[in-house]
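Asker: Residue numbers (my numbering), protein chains in the order written: chain A, 80 to 411; chain B, 80 to 411.
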């Protein structure tokens, strides 16, 4: 796929869904307001206005349209999904003690941790109000379960960090929770609100799940091989935060005794020195764990694409297909 | 009311509702588990097991029973209410940087802020799953609105702290949000799940609202005149945290220029010295603002009692009546 000459898939999606996304953005602006507490829209606007790709709400709109939905509830659900995402970002940045997000200072840095925690809670409650308005108990059930899975994934990540015993199975649980659960809920509720047949609901769930996993593996890989300008993060942030991501897990699985001592010191105990990141990258190169991680991401993108097979033949299906390629194409 | 010789009303409530509260506690234990992240039940058990009075879930059970409910959903709703309460306590303790709660070290002190934030999110999601199981969209609507009001009240409190312009109207908004919203939702959903007539739903909402306000005013008063053994808090915590609670608001409203300078320095700028708390208490004594605050709490307790008039004549109604007295009786 040549991403240089054609419009990127998420841009195609934005173009195709422009009118509905305008409604989503208007609804977000309306619902992040607070009559009594002006700090809420200030903090929210800082993050919502920072130019994220709005990938998750677009997935909800896309799934609903693909399944022939002609009502208006998908706009509410898309805003719901974006509010849940924004709430988790606010809390994540406090938990990770992050200073930068999307190339700008984080809310916890500009205001304080307190504001980030409480405004996150507010947005989560607002998302909940929005989904109740759809009147669909099945949608509420899916999103309640997704919320619990997200929080569980975040807690799991917390206890797995710096634990050299974290294996690929636990890693998959973590990223399914913290990332894929919202992707799969986003696509699934789009199909559910359209009252699509069960096989289409299942297919769109599977697509979102695999896309989210591919997306997160790619993100974790870019942390070691990306550039700050492309990702808005610094190379090695995860190493410094002692996160057990796939490139490290794979390198530890085949480490010699000396190498294991290196990982034990840097990730396990967090006693890092100048040159450690370079040494870690050398070890990943030695065993090809960055390449192996890339292959895993590509395999999940393939799973995402194959999930689309039974869905209606529709221009949006083609874009979702390309989107799966695109998520891993940024790795080349 | 002689609280020395008879059983306290919340103990009477616990006795009357013992069988259902056992179901609520079993459900809480079941739902706070996490297959993948053992830290979740550890943190939750620390707080849930610390022997809170379970006042809020008992209010839900009481309201449902008072309205003649014979189903089982009130148990789910009571557990929902307790989960929401526990989630807000976890986040509050991080926001307030508290070290003690219910006479024990807080979770943020025993584990870390990260765990408190994420486990709070998890419990909030769990509460949401529980309420979805009742299948009542009206209940979901009430609890979604209550959650948003709680978060809004907390943010409002954050921006009002140390702001000498905070008046009694803003104070009422804050405590309605951070405390009364969950009390009124707790009683209201009990009536709604029982499919009680609208006037009973409204009466139980009004009771919970007034009881919650009386409860919080009493709490704020005890911060200045209680003993650590009775409240589990130290006298003057709110003063040190520069919170604009009712006794201070009333003293500032009538302050001379010199006194205003004192409040400006201690609460506004937070430059506190030895003897400042004693001086603040002297000023409150001079203008009788502790007494005036007590009278406000008693007036809200009267409002709570009068809300009960049109409700069915039932032993639980009498206990709720006494409970309103009891909430302010601890001030004598």
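A virtual CB, placed ideally from N, CA and C, is assigned to each residue, including glycine.
What you are looking at is a predicted structure, and each value in this text was computed from that prediction instead of being measured.
Can you name the residues that DSSP bridges to residue 184(A)?
Answerer: DSSP lists 179(A) as partners of residue 184(A).
Asker: Give the DSSP-derived three-state secondary structure of residue 173(A) in the structure shown.
Answerer: Looking at residue 173(A) - three-state DSSP - the assignment turns out to be helix.
Asker: As an exercise, report each continuous alpha helix (DSSP H) stretch of at least 4 residues that is fully enclosed by the segment 239-322 of chain A, in chain order.
Answerer: As far as the segment 239-322 of chain A is concerned, its whole alpha helix (DSSP H) runs of at least 4 residues are 247-254, 260-272, 277-304, 307-310, 316-319.
Asker: Using a Cβ-Cβ cutoff of less than 6 Å, which residues in the same chain neighbour residue 82(A) once the five nearest sequence positions on both sides are dropped?
Answerer: With a pLDDT of 46 at residue 82(A), under the threshold of 50, the modelled position of that residue is not reliable, and no figure is offered here.
Asker: State yes or no: is the beta carbon of residue 241(A) nearer than 9 Å to at least one beta carbon in chain B?
Answerer: Judged by the 9 Å Cβ criterion, residue 241(A) is not in contact with chain B.
Asker: Please list the partners that residue 207(B) has in chain A, where partner means a Cβ-to-Cβ separation under 7 Å.
Answerer: Correct list: 207, 223, 226.
Asker: Using a Cβ cut-off of 7 Å, pull out every chain B residue sitting near residue 219(A), in sequence order please.
Answerer: What residue 219(A) touches in chain B: 211, 219.
Asker: Ignore the nearest five residues each way along the sequence and tell me which others in residue 384(B)'s own chain have a CB closer than 7 Å to its CB.
Answerer: Here the set comprises 400, 403.
Asker: Would DSSP call residue 215(B) helix, strand or coil?
Answerer: Of the three classes helix, strand and coil, the one that applies to residue 215(B) here is coil, per DSSP.
Asker: Report yes if the CB atom of residue 419(B) is closer than 9 Å to the CB atom of residue 92(B), and no otherwise.
Answerer: Since the first residue shown for chain B is 80 and the last is 411, residue 419(B) is missing from the structure and cannot be characterised.
Asker: If you follow the alpha helix (DSSP H) that residue 352(B) is part of, which residue opens it and which one closes it?
Answerer: Note, residue 352(B): premise wrong, no alpha helix (DSSP H); not H, not E.
Asker: When burial is assigned at 16 or more other CB atoms within 10 Å of the CB, is residue 358(A) buried or exposed?
Answerer: The residue in question, residue 358(A), is exposed, as its Cβ has fewer than 16 Cβ neighbours within 10 Å.
Asker: Where do the N-terminal and C-terminal ends of the alpha helix (DSSP H) with residue 397(B) fall, by residue?
Answerer: Residue 397(B) -> alpha helix (DSSP H) spans 394-408.
Asker: Which residues in chain A have a C-beta closer than 8 Å to the C-beta of residue 118(B)? List them in chain order.
Answerer: Those are 234, 237, 238, listed as they occur along chain A.
Asker: Would you report the Cα separation of residue 380(A) and residue 296(B), rounded to the nearest angstrom?
Answerer: If you take the alpha carbons of residue 380(A) and residue 296(B), they lie about 57 Å apart.
Asker: Candidates 160(B), 410(B), 96(B): which alpha carbon is nearest residue 267(B)'s?
Answerer: Measuring from the Cα of residue 267(B), the nearest candidate turns out to be 160(B).
Asker: Got a sec: is the Cβ-Cβ distance from residue 203(A) to anything in chain B below 9 Å?
Answerer: Yes, because at least one Cβ of chain B sits closer than 9 Å to the Cβ of residue 203(A).
Asker: Could you list the residues in the segment 342-361 of chain B with a C-beta less than 8 Å from some C-beta on chain A, going in chain order?
Answerer: Listed by position, the residues of the segment 342-361 of chain B near chain A (Cβ gap below 8 Å) amount to none.
Asker: Count the other C-beta atoms from every protein chain shown that fall within 10 angstroms of the C-beta of residue 105(A), then say buried if there are 16 or more, exposed otherwise.
Answerer: Burial call: exposed.
Asker: For residue 355(B), which residues from the same chain have a beta carbon less than 6 Å from its beta carbon, with the 5 sequence-adjacent residues on both sides left out?
Answerer: Taken in chain order, the residues that qualify are 345.
Asker: Classify residue 200(B): buried if its beta carbon has 16 or more other beta carbons within 10 angstroms, exposed otherwise.
Answerer: It counts as buried.
Asker: Should the segment 211-223 of chain B be called in touch with the segment 244-252 of chain B, which here means at least 3 C-beta pairs below 8 Å?
Answerer: Not touching, per the Cβ criterion.
Asker: How is residue 332(A) classed by DSSP in three states: helix, strand or coil?
Answerer: Helix, per DSSP.
Asker: Using DSSP with H/G/I as helix, E/B as strand and the rest coil, what is residue 201(B)?
Answerer: In the structure shown, residue 201(B) sits in a helix (DSSP, three-state: H, G or I).
Asker: The segment 167-195 of chain B: which residues have C-beta closer than 7 Å to a C-beta of chain A, in chain order?
Answerer: Answer in chain order: 170, 173, 174, 193, 194.
Asker: Measure the alpha-carbon distance for residue 410(B) versus residue 211(A) and round it to whole angstroms.
Answerer: When rounded, the distance between both Cα atoms is 41 Å.
Asker: In the structure shown, what three-state DSSP assignment does residue 387(B) receive?
Answerer: Three-state result, residue 387(B): coil.
Asker: Report the three-state DSSP secondary structure of residue 115(A) (helix, strand or coil).
Answerer: Coil at residue 115(A), not helix or strand.
Asker: Which bits of chain B does residue 230(A) rub up against, with CB to CB less than 7 Å?
Answerer: Within 7 Å Cβ-Cβ: 197, 200, 201, 204.
Asker: Please report how far the alpha carbon of residue 334(B) lies from the alpha carbon of residue 349(A), in whole angstroms.
Answerer: Going from the Cα of residue 334(B) to the Cα of residue 349(A) covers about 54 Å.
Asker: Counting contacts by CB-CB distance shorter than 9 Å, is residue 86(B) in contact with chain A?
Answerer: False, the Cβ-Cβ gap to chain A never drops below 9 Å.
Asker: If you measure from the beta carbon of residue 256(B) to each beta carbon in chain A, is any gap under 9 Å?
Answerer: At least one chain A Cβ lies under 9 Å of residue 256(B).
Asker: For the ligand MG, is there a heavy atom less than 8 Å away from the beta-carbon of residue 328(A)?
Answerer: Because no ligand of any kind appears in the structure shown, any question about the ligand MG cannot be addressed here.
Asker: Give the straight-line distance between the Cα atoms of residue 191(A) and residue 303(A), rounded to the nearest whole angstrom.
Answerer: For residue 191(A) and residue 303(A), the distance between alpha carbons rounds to 29 Å.
Asker: Going by alpha carbons, who is nearest to residue 387(A) out of 280(A), 125(A), 237(A)?
Answerer: Measuring from the Cα of residue 387(A), the nearest candidate turns out to be 280(A).
Asker: What residues of chain A sit near residue 263(B), judged by a beta carbon separation below 8 Å?
Answerer: Neighbours of residue 263(B) on chain A: none; closest Cβ ~16 Å, over 8 Å.
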